[in-house]
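Chemist: Chains A and B, in that order, are what the protein sequence lines are.
Read in order, the letters of the first sequence are residues 289 to 509 in the numbering used here.
Read in order, the letters of the second sequence are residues 2 to 353 in the numbering used here.
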Amino acid sequence: MSASERELFQRLSDAVVEMDEDEAVAVANEVVERGIDAYRAIEQGLSAGMERAGQLFDEEEYFIPELLMCSDAMYAGMDVLKPHLRSDEVAEKRKVVIGVVEGDTHDIGKNLVKIMLETSGFAVTDLGRDIPPGRFVETAKEIGADIIALSTLMTTTMEGMGAVVRQLSEEGIRDRFKVIVGGGPISQGFADRIGADGYAVNAADAIRLARSLVAPAEAAA
Amino acid sequence: MRRDQMTPLERLAAYGAGAPVDRLPCVPIVGNTAARVIGVKVGDFRGNGALIAEAQVAAYRLFGYDIIRIFTDLYTQAEAMGAKVTYPEDETAFLAAPAIDDLGDIDRLRPADPYRDGYLPQHLEAMRRAVDQVGNEVAVTGAVTCPFTNASFLVGADKLVRLMMRAPEKVHHLCELSLQTNIAYAGAIIDAGCTPSLTDAMSSMSVISPRQFREFSFPYLERLIDYIHGRGTSVTLHICGKTAGIWEAMVEAGADCLSIDNDADLGEARLAVGDRVRLMGNVHPSEVMLQGIPDAVGRATLSCLAQAKDSPKGFIVASGCSLPTETPFANIHAMLDTVRAAGWPARTLPLP
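#1: Express the C-alpha separation of Ile468 (chain A) and Ala507 (chain A) in angstroms, rounding to a whole number.
#2: Could you give the C-beta distance for Leu199 (chain B) and Val172 (chain B), rounded to a whole number, given that I count them as a contact under 8 Å?
#3: At 4 residues or longer, and completely inside the segment 99 to 180 of chain B: list those alpha helix (DSSP H) runs for me, N to C.
#4: Report yes or no: is there a C-beta of chain B within less than 8 Å of the C-beta of Gly323 (chain A)?
#5: With burial defined as no fewer than 16 other Cβ atoms inside 10 Å of the residue's Cβ, what is the status of Arg279 (chain B): buried or exposed?
#6: Quick one, which of A:Ser359, A:Arg328, A:Glu430, A:Thr393 has its alpha-carbon nearest Ala341 (chain A)'s?
#7: Listed in chain order, which residues of the segment 438 to 452 of chain A have Cβ atoms closer than 8 Å to some Cβ of chain B?
#8: Between which two residues does the alpha helix (DSSP H) harbouring Gly470 (chain A) extend?
#9: Could you pull the DSSP bridge partners for Ile419 (chain A) from this structure?
#10: Just the C-alpha distance for Ile431 (chain A) and Asp414 (chain A), rounded to the nearest angstrom, thanks.
#11: My guess is that Ala59 (chain B) and Val86 (chain B) are in contact by the Cβ rule of under 8 Å, so how many angstroms apart are they, rounded?
#12: Strictly under 8 Å for the Cβ-Cβ distance: is Asp308 (chain A) near chain B by that measure?
#13: Within 8 Å (strictly less), CB to CB, does Leu291 (chain B) reach chain A?
#14: Please list, in chain order, the chain A residues whose beta carbon lies closer than 8 Å to that of Met165 (chain B).
#15: Taking beta-carbon pairs under 9 Å, can you tell me which members of the segment 87 to 119 of chain B lie near chain A?
#16: What do you get for Gln213 (chain B), buried or exposed, if any count of 16 or more other CB atoms within 10 angstroms of its CB means buried?
#17: Can you confirm whether Leu334 (chain A), when its beta carbon is compared against all beta carbons of chain B, has any partner nearer than 8 Å?
#18: In whole angstroms, what separates the C-alpha of Met281 (chain B) from that of Ile482 (chain A)?
#19: Could you tell me the boundaries of the beta strand (DSSP E) in which Ile229 (chain B) lies?
#20: I need the straight-line Cα distance from Met338 (chain A) to Arg12 (chain B), nearest angstrom please.
#21: When the distance is taken between beta carbons, is Gln455 (chain A) closer than 8 Å to Pro420 (chain A)?
#22: Residues of the segment 463 to 492 of chain A with a CB closer than 9 Å to any CB of chain B: list them in chain order, please.
#23: For Glu372 (chain A), which of A:Ala316, A:Glu426, A:Leu501, A:Met289 has the nearest alpha-carbon?
#24: Say whether the segment 110 to 117 of chain B touches the segment 177 to 189 of chain B, bearing in mind that this needs 3 or more beta-carbon pairs closer than 8 Å, one atom from each stretch.
#25: What are the residues in the segment 373 to 395 of chain A lying within 8 Å of chain B by C-beta distance?
#26: Which value, in whole angstroms, describes the spacing of the CA atoms of Val284 (chain B) and Thr73 (chain B)?
#27: Just curious, the beta strand (DSSP E) that Ile240 (chain B) is in, first and last residue?
#28: Please tell me whether Ala385 (chain B) has its Cβ less than 8 Å away from any Cβ of chain A.
#29: Can you tell me where the beta strand (DSSP E) with Ile333 (chain B) in it begins and where it stops?
#30: Within 10 angstroms of its Cβ, does Asn137 (chain B) collect 16 or more other Cβ (buried), or is it exposed?
#31: For Pro122 (chain B), which residues from the same chain have a beta carbon less than 8 Å from its beta carbon, with the 5 sequence-adjacent residues on both sides left out?
#32: Does the beta carbon of Pro286 (chain B) come closer than 8 Å to any beta carbon on chain A?
#33: Helix, strand or coil for Phe316 (chain B)? Go by DSSP, reduced to three states.
#34: Cutting at 7 Å between CB atoms, please list the residues of its own chain near Ser153 (chain B), excluding the five before and the five after it.
#35: Here's the rule I'm using: 16 or more other beta-carbon atoms within 10 Å means buried, otherwise exposed. How should Pro325 (chain B) be labelled?
#36: How about Gln213 (chain B): is its C-beta nearer than 8 Å to some C-beta of chain A?
And the structure:
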């Protein structure tokens, strides 16, 4: 990597950490103009910056407002770079269906997990909030998802997570998907009880969990 | 099993004065679980003050806890200011859409009139009815969703937290409008013979930083509490999730009692601010109260006692947040029974 590439990637990363959308767009344009590989600019620039932001969040330097602003800068840069990705770089991502279960519209936690999953190289289909169990299952089948990620903040809606797992079992396709759960009232014990594949306590943990769940298949491939 | 010797009002008055009591005060925070006590659907509470009162009074009589709290969901005031709330047939209501979609409409927002807007009049009716029925023996409180949290329901949480960085004056405007609603509603609650009970979910360190709390939440909380104190009433403040970094500020805002969430450490809170405010908390509402067995509730309750029973300004054994609707009655009884068995001064060793 040339010094100028390294400098551009660093500036992209910094633009994300400093929540500077304009700078992210300007540097992304420079990457395109100079014919530098868009894939590496995303990986080593924008995503690297978002990972730094995630670390600052873990360290309680950044909170949810900062993290969302960082992600705005990241996505602004991505919008510039994505059209310049080579087709062979786009195809191979692991797929996740994510959403907030029916009866709940708290989606900040879900949005953070989505951002961090995308940053970590997953292709994420975001169904949004207040989603009935059937739609998670249908969408997962439709796109051939690896992981179904369920979120809720409310104790009243936790049981909807169990309904997703049950429906998968009833349709005989439980082993085709990994189901992960998270949110305020959720615990490892609850995840075990409903037969989910994993529980994550926060966004960073969700990434570790998602990576570990798809890793064995990757090793076998 | 031991029986209570004092009414909740007698107990809290004696406890506050440092006089002997039969047991420590205990408040499993019962919300829509009250519907299960009288066998109605949660959705039936919508706009029905008489039914909310009937259920809350019946729940109090069944369990014998120390404070009745008229509460169905966090959105009552935002709804009265134009937010859209969905009422499932038998589950807790949730926010369907904020009051405004377009920030250009921000000037259309007005503070709510508690005697006219949304279901605020019905909630006030529930408070008056509860006071009529049992006000001579137990304190009745009315839940107030505080300015910063209410503001998030006016524009949406995502939008609000971005505005904090991009257009802070708009956040202040939304908090000011919410404060005006809060003050009018708190005044009406006091006029109904009740005490406002403050809830501020979004002001949590699980969402915003202590510095952002200082800037966007604290000034409005302080003014709200000043108003309530001016009416001669003390007040409890609950902030969900992580709060250790803002306990000092919560005390400085004037709260008389901090309700500590299960995501925060009760023992640390006792050391940090127990010399200045009463504490309540913090048995886990879902992991222990909803999903646990009565023995687990007993252990969790004793653990809270061990951490805070000697807190200088007093301690109320409580759940860390509102209880889930389907919390088993046996678990609520178990919390009270554990506190009864511990007696006063509270013993914390498991009893035979």
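Ideal Cβ placement from N, Cα and C applies to all residues, glycine included.
Keep in mind it's a predicted model, so treat the numbers as computed, not measured.
Modeler: Here's the rundown:
#1: Start at 1 with the first residue of the first sequence, and residue 507 (chain A) comes out as number 219. Start at 1 with the first residue of the first sequence, and residue 468 (chain A) comes out as number 180. Residue placement at Ala507 (chain A) is poorly supported in this model, since its pLDDT is 46, which falls under 50; the coordinates still yield a value, given next. Distance between the alpha carbons of Ala507 (chain A) and Ile468 (chain A): 21 Å.
#2: On the second sequence, residue 199 (chain B) is found 198 positions in, with the first residue counted as 1. On the second sequence, residue 172 (chain B) is found 171 positions in, with the first residue counted as 1. At roughly 19 Å, the Cβ-Cβ gap does not stay under 8 Å, so Leu199 (chain B) and Val172 (chain B) are not in contact.
#3: The DSSP assignment places complete alpha helix (DSSP H) segments of no fewer than 4 residues inside the segment 99 to 180 of chain B at 121 to 135, 148 to 156, 158 to 167, in order along the chain.
#4: Within the first sequence, the letter at position 35 stands for residue 323 (chain A). Closer than 8 Å: no.
#5: Here residue 279 (chain B) refers to the residue found at position 278 when the second sequence is read from its first residue. The C-beta of Arg279 (chain B) has 16 or more other C-beta atoms within 10 Å across all chains shown, which makes the residue buried.
#6: Locating residue 341 (chain A) in the first sequence gives position 53, where the first residue counts as 1. Ranking A:Ser359, A:Arg328, A:Glu430, A:Thr393 by Cα distance to Ala341 (chain A) puts A:Ser359 first.
#7: Listed in sequence order: Met442, Thr443, Thr444, Thr445, Met446.
#8: By one-based count along the first sequence, residue 470 (chain A) stands at place 182. No alpha helix (DSSP H) contains Gly470 (chain A), which is instead part of the beta strand (DSSP E) from 466 to 470.
#9: Mapped onto the first sequence, residue 419 (chain A) falls at position 131. Answer is A:Val389, bridged to Ile419 (chain A).
#10: Position 143 of the first sequence, counting from 1, holds the residue named residue 431 (chain A). Position 126 of the first sequence, counting from 1, holds the residue named residue 414 (chain A). C-alpha of Ile431 (chain A) to C-alpha of Asp414 (chain A): approximately 12 Å in a straight line.
#11: Reading the second sequence from its first residue, position 58 is the one you call residue 59 (chain B). Reading the second sequence from its first residue, position 85 is the one you call residue 86 (chain B). Taking a contact as a CB-CB distance under 8 Å, the pair Ala59 (chain B) and Val86 (chain B) does not count as one, their CB atoms being some 25 Å apart.
#12: As a first step, residue 308 (chain A) is located in the first sequence; it is residue number 20 there, counting from the start. Under the Cβ criterion of 8 Å, Asp308 (chain A) is not counted among the residues facing chain B.
#13: Along the second sequence, one-based indexing puts residue 291 (chain B) at 290. Taking Cβ atoms only, chain A reaches closer than 8 Å to Leu291 (chain B), which makes this a yes.
#14: Indexing the second sequence from 1 puts residue 165 (chain B) at position 164. The answer, in chain order, is Pro353.
#15: The segment 87 to 119 of chain B vs chain A, Cβ under 9 Å: Thr87, Pro89, Glu92, Thr93, Phe95, Leu96, Ala97, Ala98.
#16: For this step, residue 213 (chain B) is matched to residue 212 along the second sequence. Flag for Gln213 (chain B) reads buried.
#17: Residue mapping note: residue 334 (chain A) aligns to position 46 of the first sequence, counting from 1. No, Leu334 (chain A) does not count as interfacial toward chain B.
#18: Position 280 of the second sequence holds residue 281 (chain B). Position 194 of the first sequence holds residue 482 (chain A). The alpha-carbon separation between Met281 (chain B) and Ile482 (chain A) amounts to approximately 32 Å.
#19: Taking the first residue of the second sequence as 1, we reach residue 229 (chain B) at position 228. Segment 219 to 231 is the alpha helix (DSSP H) holding Ile229 (chain B); no beta strand (DSSP E) there.
#20: On the first sequence, residue 338 (chain A) is found 50 positions in, with the first residue counted as 1. On the second sequence, residue 12 (chain B) is found 11 positions in, with the first residue counted as 1. C-alpha separation (whole angstroms): 53 Å.
#21: The residue given as residue 420 (chain A) occupies position 132 in the first sequence. The residue given as residue 455 (chain A) occupies position 167 in the first sequence. It is not a contact, given that the beta carbons lie outside the stated cut-off.
#22: Taking 9 Å as the Cβ-Cβ cut-off against chain B, the residues of the segment 463 to 492 of chain A that qualify are Gly472, Pro473, Ile474, Ser475, Gly477, Phe478, Arg481.
#23: Locating residue 372 (chain A) in the first sequence gives position 84, where the first residue counts as 1. Before going on, a small fix: residue 372 (chain A) reads as His here, not Glu. If you compare the alpha carbons of A:Ala316, A:Glu426, A:Leu501, A:Met289 with that of His372 (chain A), the shortest gap goes to A:Ala316.
#24: Contact annotation: the segment 110 to 117 of chain B touches the segment 177 to 189 of chain B, with at least three C-beta pairs closer than 8 Å.
#25: Listed by position along the chain: Gly391, Asp392, Thr393, His394, Asp395.
#26: If you number the second sequence from 1, residue 284 (chain B) lands on position 283. If you number the second sequence from 1, residue 73 (chain B) lands on position 72. A direct Cα-to-Cα measurement between Val284 (chain B) and Thr73 (chain B) gives close to 20 Å.
#27: By one-based count along the second sequence, residue 240 (chain B) stands at place 239. In this chain, the beta strand (DSSP E) harbouring Ile240 (chain B) covers 237 to 240.
#28: The shown model of chain B, from 2 to 353, leaves out residue 385 (chain B), and the question about it has no answer.
#29: For the purposes of this step, residue 333 (chain B) is taken as residue 332 along the second sequence, with counting starting at 1. DSSP places Ile333 (chain B) in no beta strand (DSSP E) but in the uninterrupted alpha helix (DSSP H) bounded by 330 to 343.
#30: Position 136 of the second sequence, counting from 1, holds the residue named residue 137 (chain B). Around the C-beta of Asn137 (chain B), fewer than 16 other C-beta atoms lie within 10 Å, and the residue is accordingly described as exposed.
#31: In the second sequence, the residue the question calls residue 122 (chain B) occupies position 121. Correct list, in chain order: Gly50, Pro115, Tyr116.
#32: Along the second sequence, one-based indexing puts residue 286 (chain B) at 285. Yes, contact with chain A.
#33: Locating residue 316 (chain B) in the second sequence gives position 315, counting from the first residue. Three-state DSSP puts Phe316 (chain B) in a strand.
#34: Reading the second sequence from its first residue, position 152 is the one you call residue 153 (chain B). The beta carbon of Ser153 (chain B) is closer than 7 Å to those of Leu161, Met203 in its chain, skipping five residues each way along the sequence.
#35: Along the second sequence, one-based indexing puts residue 325 (chain B) at 324. Under the 10 Å beta carbon count, Pro325 (chain B) is surrounded by 16 or more other beta carbons and is classified as buried.
#36: As a working mapping, residue 213 (chain B) is identified with position 212 in the second sequence. Judged by the 8 Å Cβ criterion, Gln213 (chain B) is in contact with chain A.
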